[in-house]
Amino acid sequence: MPIHHQGFKVSLCLHGFCFLSTVSSLIAFSAFVDKKKFWKIDVAITYMLLVGAISLDICLFISHALSKWTIAQLGSVPPENKLYSKLVALRLSSINSRSAIRRVAQHDLISYYVEVAADNKFIRFIRLIDTSNLLQKHKYTVWESVDSNLRTFIYEQLLEKRNEYHDQLRNCTENRDSLLSSVLDKDIDDVFKKYAVDDNDWDGHRNDFARYIFLCHIATSLVYYDDLYNHRRGMLGSYCKISKTLSDYMAYLVLLRPTMLPKGLGEIINLANNKFVEKIHPRVGENSSELKKKIVEALIHYRHDYTTSTLFESEVQKNRVLLLKGSEIAQRLQNLVSDERWDHEKKWETIGKLWMRNLTYAASRCSWKDHAQQLRHGGELLTHVALLMAHLGLSTKIMIYEREDESGLPSLF
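Using the UniProt record's numbering, you'd call the opening residue of the sequence shown number 1 and step up by one each time.
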C-alpha cells in the first residue's frame, strides 16, 4: 500500500493544510500587497503560480479520494451516509469492471523476419545503429484485445490443474510443494512429445527457457501460417487463435520483459536468427506478403532454395539456428493430422495446452516483486495468471491457511 494511504486521516489533514495555506497566500497577496511596486509580469506570474498550486491541490484531492486504495478502505467501513455509500459502491463496481486485463502484447517473429529479409534500405540502416534492437522490440509489438475464449481457456486449464492436484493430494506421501511442481510441469501427452526433434527440445525449459520459447513460437507460427495459406483458408478455429495469441505473447515476454521469465539467452538467440534471415534475398518487386508465404513454405517443407545447405556446413551449425529446428517440429506437428488421424482443431487444442503449460511455468517462477511492478502499470497477462493460480492454491510462493473438512483433509478451495 502507498505510504499516503496508510494513514488516511493524517494524509487528509496534511492535504487540507496545504490547500488552505495556498488559498490564504492568494487572498493575502490580493488584499494586502501593493502590486504597483512590482512589474506587471511578476504579478501575473505570481497569480499563475498560486492558482496553479490551488488547482493541483484540488486535482490531488480528487485523485486521492477516487483512488482504488481509498475506495477499498471506505468500502469496508459500515455505511453512515446513504448517498456517499451509493457513490462508493458505484465506484467499486466500476473498478471491478475494469480489473480484468483487456489487452495483451503480441510479437510475431516470423513477420519481423520477413521485414528483415525484405530489401528495405532504410530499415537496414536503422538496424546498423540500433545496437539495443529497439526497432524490433517496439515497432513490431502490437496490442490485441483479450477475448472471452482466451479467458475461459486459461481458467478451465487452471481449474483442471487444480482438480488434478486436489485428487493427488488425497494420496500424497511427498512434499506438497514437490507435488504441485510436478502437476504444473507435467508434459502434455506422449503422443505430442514423440513428435519433437529430441527430448531436449521439450524439456529445454529446465536449461534455457528463452530458447525453448523461441523454438515453440517458431513452430507454432509456421503451423499457423501453413494452415492459413494452404489447409484451412479463413477457417481457423478458436483454439488456433488462442494458441497464436499465447505464442506471440510469450515471444513478447522473452524480448521485452525478460526479467519476468527464468534466465535464458533470448537476446543472443534472436540476433542469431536475424543474421540467418538477412541471407535471404527476395526477388525484385516481391512484396512482404508474398515473401512471407514463400519463406513459410520453404521452412515447413524444407525447400532449400531459401534455407540453403551452403549457409551451414555441419549439422551442429544448423542446430544453432532455431528457425531450422522450429521448422522441423512444425512439419511434425502438421503430420499429427494424418498420422494420428486428428482434425486441425484437435491439433490446435494440443498446441494451446502446450502454451498454457509454458505460461503457468513462467508465472509460477516469476518473482512477486516483478509482478508488483507490472501491476503499477496495469499488469501483464502473466501477472493475472499468477494471481489466479495463487487464488486457486496453485502457487508454491504463497501460503494459504486452510481449514480442514470432515475427512481431515485440508479444504483448499
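Even for Gly, the Cβ is constructed at its ideal location relative to N, Cα and C. Treat the numbers as computed from the prediction; the structure is a model and nothing was measured.
Buried or exposed: which applies to residue i, given that a residue is buried once 16 or more other Cβ atoms fall within 10 Å of its Cβ?
{"i": "I58", "result": "exposed"}
{"i": "E160", "result": "exposed"}
{"i": "L219", "result": "According to the sequence as given, residue 219 is Ala; it is not Leu. Classification for A219: buried."}
{"i": "D167", "result": "exposed"}
{"i": "K49", "result": "Per the sequence shown, the amino acid found at residue 49 is Leu instead of Lys. By the neighbour-count rule (16 or more Cβ atoms within 10 Å), L49 is not buried but exposed."}
{"i": "F17", "result": "exposed"}
{"i": "K353", "result": "buried"}
{"i": "L14", "result": "exposed"}
{"i": "W355", "result": "buried"}
{"i": "L128", "result": "exposed"}
{"i": "N335", "result": "exposed"}
{"i": "R357", "result": "buried"}
{"i": "H344", "result": "buried"}
{"i": "S178", "result": "exposed"}
{"i": "D339", "result": "exposed"}
{"i": "V114", "result": "buried"}
{"i": "D248", "result": "buried"}
{"i": "S364", "result": "buried"}
{"i": "S327", "result": "buried"}
{"i": "A65", "result": "exposed"}
{"i": "K36", "result": "exposed"}
{"i": "L150", "result": "buried"}
{"i": "R244", "result": "Per the sequence shown, the amino acid found at residue 244 is Lys instead of Arg. The residue is buried, with at least 16 neighbouring Cβ atoms inside 10 Å."}
{"i": "I213", "result": "buried"}
Just grab the DSSP bridge partners of residue i for me.
{"i": "S145", "result": "R103"}
Assuming residue i and residue j are in contact, meaning their beta carbons sit under 8 Å apart, how far apart are those beta carbons, in whole angstroms?
{"i": "N325", "j": "L222", "result": "Note on identity: in this sequence residue 325 is Lys, with Asn being the wrong assignment. About 11 Å; that fails the 8 Å criterion."}
{"i": "E349", "j": "Y239", "result": "5 Å"}
{"i": "T360", "j": "L184", "result": "6 Å"}
{"i": "L394", "j": "Y165", "result": "7 Å"}
{"i": "L109", "j": "H217", "result": "6 Å"}
{"i": "Y112", "j": "Y140", "result": "5 Å"}
{"i": "I242", "j": "F153", "result": "5 Å"}
{"i": "R162", "j": "L392", "result": "5 Å"}
{"i": "A210", "j": "L261", "result": "7 Å"}
{"i": "L323", "j": "L299", "result": "7 Å"}
{"i": "L158", "j": "M389", "result": "6 Å"}
{"i": "K346", "j": "L333", "result": "About 12 Å; that fails the 8 Å criterion."}
{"i": "H384", "j": "I101", "result": "5 Å"}
{"i": "L26", "j": "I54", "result": "7 Å"}
{"i": "L169", "j": "T396", "result": "At roughly 14 Å, the Cβ-Cβ gap does not stay under 8 Å, so L169 and T396 are not in contact."}
Does the beta carbon of residue i sit closer than 8 Å to a beta carbon anywhere in chain D?
{"i": "L150", "result": "Of the protein chains in the structure, only one exists, and it is not chain D."}
Any 3 or more C-beta pairs closer than 8 Å across the stretch 246–263 and the stretch 100–112:
yes
Say whether the stretch 290–302 touches the stretch 223–231, bearing in mind that this needs 3 or more beta-carbon pairs closer than 8 Å, one atom from each stretch.
Counting C-beta pairs with one atom in each stretch, the stretch 290–302 and the stretch 223–231 have three or more that are closer than 8 Å, which means they touch.
Of all the beta strand (DSSP E) runs that stay within the bounds of the stretch 24–52, which reach a length of 3 or more residues?
none
Just list the alpha helix (DSSP H) runs in the stretch 217–263, keeping only unbroken ones of 4 residues or longer that don't cross its boundaries, in chain order.
For the stretch 217–263, whole alpha helix (DSSP H) runs of length 4 or above, ordered along the chain, are 238–256.
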